[in-house]
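Peer 1: Numbering follows the numbering used here, in which position 24 of the sequence shown is assigned residue number 28; successive positions increment by one, without gaps.
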Amino acid sequence: MAEETRVILHGRRLSPYVKRVEMALKIKGIPYEFVQEDLKNKSPLLLKYNPVHKKIPVLVHNGKPLAESLVILEYIDETWKTSPQLLPEDPYRRARVCFWASFLHQQLFEALVLVIRANGEAQQKAIKQLCNQLKLFEDGMKD
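1. What does the alpha-carbon distance come out to for the pair His65 and Glu125?
2. By DSSP's criteria, Ile12 is part of a beta bridge. Which residues make up the other side?
3. State the DSSP-derived secondary structure class of Leu70, mapped to helix, strand or coil.
4. Roughly how many whole angstroms lie between the Cα atoms of Leu70 and Tyr36?
5. Where Pro48 and Lys146 are concerned, what is the direct C-alpha to C-alpha distance, given to the nearest angstrom?
6. Give every residue of the same chain whose Cβ lies closer than 6 Å to the Cβ of Gln133, excluding the five residues on either side of it in the sequence, and list them in chain order.
7. Below 6 Å CB to CB, which residues in the same chain sit around Met5 once its five sequence neighbours on both sides are set aside?
8. Please look up how many angstroms separate the CB atoms of Leu91 and Glu78, rounded, as I've assumed it's under 8 Å.
9. Counting only beta-carbon atoms, is Lys30 nearer than 9 Å to chain D?
10. Please state if the CB of Ile60 and the CB of Phe38 are separated by a distance shorter than 9 Å.
Structure below.
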């Protein structure tokens, strides 16, 4: 693959954030190289490409790295205009999709992790919090 069109995805196969980027690349039909990262022993490339968060996924296109899965998805949609589109054209609808994707990413995932990690009374409180977040999400999707 020519360097100027080369797409490399740094990640771990089981990461939901990496999976979301992989799905977008596959939906768009974009060929890419996958670099498996060991998060306990981070590669020099990962640290170079994402010096702020030092996390996956990182997409490298034309030698330029991008981090954070939602940012990467927007980049993919804007760069490869081939159908299908990942995000709506309408700015309002697009903003709503991004808002709720961020909500899922930040609020629901964190609440779910708390349910898994907690025990006893703390777990019951976490379950209640998760149910409240799910209800909020469900109501928001009705608009």
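Virtual Cβ for every residue (Gly too), placed ideally from N, Cα, C.
Just so it is clear, the structure is predicted and the values come from calculations on it, not from any experiment.
Peer 2: Here's the rundown:
1. 47 Å
2. Glu37, Val64
3. strand
4. 14 Å
5. 45 Å
6. Ala115
7. Unreliable placement is indicated for Met5, whose pLDDT of 48 sits below 50; the coordinate value is still reported in the next sentence. The answer is none, since no qualifying residue turns up.
8. 7 Å
9. Chain labels in this structure do not include chain D; a single protein chain is all it has.
10. no
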